[in-house]
Amino acid sequence: KGFFSTVQLVLAGSDSQGLRYGTTGTPEQFFVAWKEETPAEAGATLSSGALLDRPLAQLCDKARLLDLIRNFIIFDAGHKKVPRPHQFQGVKAAQERIAKREGGVIWHTQGSGKSILMVLIAKWLMEHDPEARILVITDRDELDRQIVGVMRNAGVIGEDAPSPRITSRQDFVLKLGATTPRLLCALIHKFDVADLKGPAPAVLGRIYVFVDECHRT
């Protein structure tokens, strides 16, 4: 176990079954296939050899492999995790939008790992933009607590760091005008149209807003 603790990616595949990947400690049922289609390949039937060779070449592309190891391996409550293909591709799409200073929407089904996706984007932003500050908005106290826990488990915020949860509107205004914390979590109920009246509060840093369940929030 100690020898394998430094392993980042574990691959398993065959010409007939294709390629699946995980990391050390990933249960067998959570090994996933790498899926990436070009428009020309959509709906096409692949030869048996291509089931292994194509995803292996895609996943182990030099730049992608280094990016995956450097920016996408995280820990969740002590368990090492590697993103599924849609999470990796969602982060890369978000990075492209951020570079253009544009927003966007990422659609998710229940249980598809949106919390981990937010962790990966937040982690990347805070490591690559020294002025970045993350504001996560949810509409339920349960979700707010869950996201804080996931962020802490993944090391986005320190184990002993104060809670990033916003307790009141006054607390929110004060934290916006301070240099720390870099991660803020707030319920949508902390906002009101009346807040738009009067002068805007002072804001330090570059704020990136993540809205969970935005179809209803």
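69 is the number of the first residue of the sequence shown in the working numbering; add one for each residue after it. Using N, Cα and C, we set each Cβ at its ideal position, and we do this for glycine too.
To the nearest angstrom, how far is the alpha carbon of S73 from that of D129?
Distance between the alpha carbons of S73 and D129 is about 23 Å.
Using 9 Å as the threshold, is the C-beta distance between C253 and P232 below it?
Yes, the pair counts as a contact, with Cβ atoms nearer than the cut-off.
Inter-residue spacing [alpha-carbon to alpha-carbon] between F140 and H154
13 Å
Between R88 and V100, is the Cβ-Cβ spacing less than 9 Å?
yes
Assess contact between the stretch 233 to 251 and the stretch 166 to 184, defined as three or more Cβ pairs (one per stretch) separated by less than 8 Å. Is contact present?
no
Let me know if T235 comes out buried or exposed under the rule of 16 or more other beta-carbons within 10 Å of its beta-carbon.
T235 sits exposed, since fewer than 16 C-beta atoms from the chains shown fall within 10 Å of its C-beta.
Could you tell me which residues DSSP pairs with C253 in its beta bridges?
V204, R233
Own chain partners of E104 with C-beta closer than 8 Å, once the 5 adjacent residues on each side are dropped
P123, Q126, P153, Q157
Measure the alpha-carbon distance for I215 versus F278 and round it to whole angstroms.
11 Å
Classify S82: buried if its beta carbon has 16 or more other beta carbons within 10 angstroms, exposed otherwise.
exposed
So V67 is in the alpha helix (DSSP H); what residue range does that whole segment cover?
With the chain covering 69 to 285 only, the question about residue 67 has no answer from this structure.
Quick one: measure Cβ to Cβ for L242 and I225, integer angstroms, because I've assumed they're closer than 8 Å.
About 18 Å; that fails the 8 Å criterion.
Note down the Cα distance separating R213 from N221, rounded to an integer number of angstroms.
12 Å
Identify whether A110 lies in helix, strand or coil by the three-state DSSP scheme.
Only weak support exists for where A110 lies, its pLDDT of 46 falling under 50; the value from the coordinates is given anyway. Of the three classes helix, strand and coil, the one that applies to A110 here is coil, per DSSP.
Backbone CA spacing between L272 and I142 [nearest angstrom]
Each residue's Cα considered, the two are about 28 Å apart.
Closer than 8 Å by C-beta to D209: which residues in its own chain qualify, once you throw out the five before and the five after it? Chain order, please.
L255
Terminal residues of the alpha helix (DSSP H) in which L288 lies:
Only positions 69 to 285 of the chain appear in the structure, and residue 288 is not among them; the question remains open.
Same chain only: Cβ atoms within 7 Å of F98, ignoring 5 sequence neighbours per side
Result list for F98: G90, in chain order.
Do L77 and V159 have their C-beta atoms within less than 9 Å of each other?
no
Candidates P95, D280, A118, F71, of which the one nearest V204 by Cα
D280
Would you check if the distance between the CB atom of G217 and the CB atom of K191 is smaller than 9 Å?
no
Going straight from the alpha carbon of A108 to that of E199, what length do you get?
The predicted model places A108 with a pLDDT of 48, which falls under 50 and marks its position as unreliable, so this point remains unresolved.
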